[in-house]
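Engineer: I have a structure here, written as structure tokens, and I will follow up with some questions on it.
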Amino acid sequence: MSLIKAIPCHPVAAPRHPYTITFLERGLVHTAMVDPSHLPYGNTGLAGSILDSALHVGIDLPHLCGGVAACSTCHVTISQGIESCNEAQEAEVDQLVDAAGHSLQSRLACQCVPNGASAIVVAIPEPEVS
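Here is the structure:
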């Protein structure tokens, strides 16, 4: 049974306002300003996605599928600001159920696009050891 609920498809709007994004990774804190006028930063994930922002500031967030919601390696937890993010679509939800430790605040960084209404805090889980 999944904790994640599929939401009907809606177009993803790019952020409208500059906002800060803070990444919590292995005890380190990385904070960056996202300026919507410079998006997309790259071509991995949706334009303006958390993955796009992470890669832009040098955070090597895993994304084995190339940012197309075909795996769960870019799973993150949004600990602040999830209400300003686009809704999870069915393809994302299908992948999140396989992510270790997924919760109601879980998102795929490649699919999660904040709209800029508030600051975002993103926790990057420890990589799984097999």
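Using the working numbering, read the sequence shown as starting at 9 and increasing by one per residue.
Positions of the beta carbon are idealized from the N, C-alpha and C atoms, including for glycine.
#1: Around the Cβ of Asp60, are there at least 16 other Cβ atoms within 10 angstroms (buried) or fewer (exposed)?
#2: For Leu63 and Tyr49, what's the separation of their Cα atoms in angstroms?
#3: Which term fits Glu100, buried or exposed, when burial requires 16 or more other beta carbons within 10 angstroms of its beta carbon?
#4: Pairing CB atoms from the segment 75–87 with CB atoms from the segment 20–28, are three or more of them under 8 Å?
#5: Fully enclosed by the segment 53–127, which beta strand (DSSP E) runs are 3 residues long or longer?
Structural biologist: Walking through what the data contain:
#1: Residue numbering aside, residue 60 sits at position 52 when the sequence shown is read from its first letter. By the 10 Å Cβ count, Asp60 comes out buried.
#2: One-based indexing of the sequence shown puts residue 63 at position 55. One-based indexing of the sequence shown puts residue 49 at position 41. Their backbone Cα atoms lie some 8 Å apart in a straight line.
#3: Residue numbering aside, residue 100 sits at position 92 when the sequence shown is read from its first letter. Its Cβ being crowded by 16 or more others within 10 Å, Glu100 is buried.
#4: no
#5: List check, beta strand (DSSP E) in window: 83–88 and 114–116.
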